[in-house]
Each structure stands twice: as C-alpha cells, then as structure tokens.
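A.B. asks: Right, I'll just put the structure down here and ask away after.
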Amino acid sequence: MKMKDIDFLIIGATKSATTWLQRSLQADPKVFMPDPELHFFSREYNRGEDWYLVRFEGRKRGQVTGEKSNSYLEDAQAAARISRSLPNAKLIVQLRNPVDRAYSDYCMLYRRGEVGRDIERYLDPANSQGMRFIEAGEYYNQLQIYYQMFSAEQILITFYEAINTESERQLETVRSFLDLEPGQSGRFLQSKVKDKTTPTLEPKLRRVLSPLKPLVAPMRGSLAFEKVRGVLASEIRYRPIPEHIRDSLVDYYSNDVEKLSRLLGRDLSGWLRNPSASTAA
0 MKMKDIDFLI
10 IGATKSATTW
20 LQRSLQADPK
30 VFMPDPELHF
40 FSREYNRGED
50 WYLVRFEGRK
60 RGQVTGEKSN
70 SYLEDAQAAA
80 RISRSLPNAK
90 LIVQLRNPVD
100 RAYSDYCMLY
110 RRGEVGRDIE
120 RYLDPANSQG
130 MRFIEAGEYY
140 NQLQIYYQMF
150 SAEQILITFY
160 EAINTESERQ
170 LETVRSFLDL
180 EPGQSGRFLQ
190 SKVKDKTTPT
200 LEPKLRRVLS
210 PLKPLVAPMR
220 GSLAFEKVRG
230 VLASEIRYRP
240 IPEHIRDSLV
250 DYYSNDVEKL
260 SRLLGRDLSG
270 WLRNPSASTA
280 A
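Set out below in structure tokens:
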C-alpha cells in the first residue's frame, strides 16, 4: 500500500451527513474506507505516512480506496499537505446550510455534555466562544484554497439538503465521480446514520458517568449494557435557536454564501431564507 493507491477523500463538511455517505460507499465490496476518521492531514500529520497507511490494512487489490475526515475542509494546512501527498486524489465535499450546520454541531456537543443550554454563548457570531461552531460554515474561505491547489475536475460538491428527497441520485452522483459501476446505488444506500431524536443519556448524567467510560467500554454491545442504557436513555429536548441569533448568523454568512455561489456557479441564496435551523440537527 502506497500513498498513490488512495483514490479519494471525503473532506467535509462536519454535520453534513458525510457519515451516511461513507457508510453507503462502504456497503459496496468494491470500495475500501477505514473507520474511524483518521484526521491525518490535519491533526495527526506528525505521526507520519507509515502510520497513515497502516490504517488501510485489509484493503484488497482493485478496490477503490479512500477515507473521510471532515477536519480537512476546515484546515488550510491539510489542503497543502493533501496536494503534496495525493496530487491526483478525488475530493468529495458535502455542504449544508451553514446556519443549520452550526446549530446541528451545537446539538451534537450538547448531547455529549460538552456545552450548556445557553445557545447565545455558542452561536452568536459576536461571541468569540462560539467561533468553533461558526467558522466551520465559512465554505468559500475553505474551498477556494482547495480550488487553488486542485483542478475543478478533481472536486465534487454535493449538498446535504438533497439527501432527504434524492438520496439515491446523490449517491449515484458520487459513485459516478469515483468511476464505480452505475445503476447500483439503490443496493448500497444506507439509512441516516445519526439522528438527534435517538434516545441517549442526558448531558448532565453523561458528565457524571464520564469517569466510568473506560470501565464500561468493553461491555458496549452486550445485552446487559443495552438494557441499562435503555433504562437511562431518553430523547433529548434541544432549545430551538432564537430568531435573533438566526438572523445574526444569516448576516454573518451572507457574504461567504454569495462568494460561494459565484465559485460553484450555483444559486445558494435559499440557504439564507430557509428557517429550518430551529429544528435541523
């Protein structure tokens, strides 16, 4: 296995159903993708290429080979590193309404108990504490770097919003880009991987039990573990995004979305009119 054997990367965006896309591709035996996200070109680059290539053990000759790491889109250094190491790789980017994406990102960390219910603290563009959520939706700033380093033919842009209505067509577009057998998408289509309505531990309880994670990890998947989890888990109630915060995010993203529309040759102004961010996750 050599670096040149890696055919494609899914580089983001975070909370845009890239895991659904990965699982759907992995369902095809002609595709090989390791789990979990490797983040090699962003967070783990100091480990070296040998560490990275070991992650692809089990790959068979002839398989279309790639990996998914959403951090690559947000990291300018990752773009330069990928360009040097994988100059011929195909890059897949799945984008989502940036306001919805920011709210979904917040909900994910709220489920994990890593943030509180004070949405203003995390999603107000005027509050620097929230930039971890907000900057990840600045797609033009992120993508224009990749378009400088790769040809447009190497980059495929898809959209989260199409998954609910055209999931098979969406997957077919990706498979065609990867030169996989056409007309097979329906066989490999996976259901949505993550859902904010899935019962889980309340954030406060998750924080209390977090010191026990190493002890219970070997029990995950066992009947006893699932029974206990079933008793403790419940559907989490998320605070809707306040209208004034949504308006602030729309204003914040408006310039980036306008430039992105010109870059991609696609009208994306609907993102800034769509009020779905209060419920989307």
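Going by numbering that gives the first Met the number 0, the sequence shown opens with residue 0, and the numbers climb by one from there. Beta carbons: idealized from backbone N, C-alpha and C, even for Gly.
So if DSSP puts Asp-13 in a beta bridge, which residue, or which two residues, is it bridged to?
C.D. replies: The residue asked about is misnamed: residue 13 is Thr in this sequence, not Asp. Partner(s): none; Thr-13 has no beta bridge.
A.B. asks: Just how far apart, CA to CA, sit Phe-146 and Pro-217?
C.D. replies: For clarity, residue 146 is Tyr in the given sequence; the question names Phe instead. When rounded, the distance between both Cα atoms is 44 Å.
A.B. asks: Is the beta carbon of Tyr-139 closer than 8 Å to that of Leu-259?
C.D. replies: Cβ atoms of Leu-259 and Tyr-139: closer than 8 Å.
A.B. asks: Between the alpha carbons of Gly-162 and Glu-36, how many angstroms are there, rounded?
C.D. replies: The sequence shown places Ile at residue 162, not Gly. Answer to the nearest angstrom: the Cα atoms are 21 Å apart.
A.B. asks: Use the C-beta contact count for Arg-270: other C-beta atoms within 10 angstroms, 16 or more gives buried, fewer gives exposed.
C.D. replies: Note that residue 270 corresponds to Trp in the displayed sequence, not to Arg. Buried is the call here.
A.B. asks: How close, in whole Å, do the beta carbons of Thr-13 and Ala-135 come, if the pair is a contact with beta carbons under 8 Å?
C.D. replies: So it is a contact: roughly 6 Å between Cβ atoms.
A.B. asks: Count Cβ pairs between the stretch 121-131 and the stretch 57-74 that sit closer than 8 Å; are there 3 or more?
C.D. replies: Touching, no, given that fewer than three Cβ pairs across the two stretches are closer than 8 Å.
A.B. asks: List, from N- to C-terminal side, the alpha helix (DSSP H) runs of 4 residues or more that fit wholly inside the stretch 51-109.
C.D. replies: Counting whole runs of 4 or more residues, the stretch 51-109 contains the alpha helix (DSSP H) stretches 70-73, 75-84.
A.B. asks: Could you check how far apart the C-beta atoms of Glu-73 and Gln-141 are, in whole angstroms? I think they sit under 8 Å.
C.D. replies: With a Cβ gap of about 6 Å, Glu-73 and Gln-141 count as contacting.
A.B. asks: In this structure, does DSSP put Ile-133 in helix, strand or coil?
C.D. replies: Ile-133 falls in the helix class under three-state DSSP.
A.B. asks: Return the Cβ separation of Ile-118 and Ile-240 in integer angstroms, given the expectation that the two are a contact with Cβ distance under 8 Å.
C.D. replies: About 6 Å; that satisfies the 8 Å criterion.
A.B. asks: May I have the straight-line CA-CA distance separating Phe-40 from Leu-267, to the nearest angstrom?
C.D. replies: Those two C-alpha atoms are separated by around 29 Å.
A.B. asks: On a CA-only basis, which of Arg-131, Arg-58, Leu-52 is nearest Met-107? Give me that one, please.
C.D. replies: Among Arg-131, Arg-58, Leu-52, the Cα nearest to that of Met-107 is on Arg-131.
A.B. asks: Would you identify the three-state DSSP class for Phe-187, choosing helix, strand or coil?
C.D. replies: Looking at Phe-187 - three-state DSSP - the assignment turns out to be helix.
A.B. asks: Which first and last residues belong to the alpha helix (DSSP H) in which Phe-176 is found?
C.D. replies: 162-176 is the span of the alpha helix (DSSP H), which, as asked, contains Phe-176.
A.B. asks: Which of the three DSSP states is assigned to Val-114 in this structure?
C.D. replies: Reduced to three states, the DSSP call for Val-114 is coil.
A.B. asks: Let's test the definition: count the other Cβ atoms within 10 Å of the Cβ of Asn-254 and tell me whether it reaches 16, buried, or not, exposed.
C.D. replies: By the 10 Å Cβ count, Asn-254 comes out exposed.
A.B. asks: Pull up the distance between the alpha-carbon of Leu-52 and that of His-243, whole angstroms please.
C.D. replies: Distance between the alpha carbons of Leu-52 and His-243 is about 47 Å.
A.B. asks: Along the chain, where does the alpha helix (DSSP H) containing Ile-144 start, and where does it finish?
C.D. replies: Taken as a continuous stretch (DSSP letters only), the alpha helix (DSSP H) holding Ile-144 covers 138-148.
A.B. asks: Sorted by chain position, which residues of the same chain lie with C-beta nearer than 8 Å to Lys-1's C-beta, five sequence neighbours on each side aside?
C.D. replies: Only Leu-52 meet the Cβ criterion.
A.B. asks: If you draw a straight line from the C-alpha of Asp-27 to the C-alpha of Glu-180, how long is it?
C.D. replies: Going by the C-alpha atoms only, they are around 10 Å apart.
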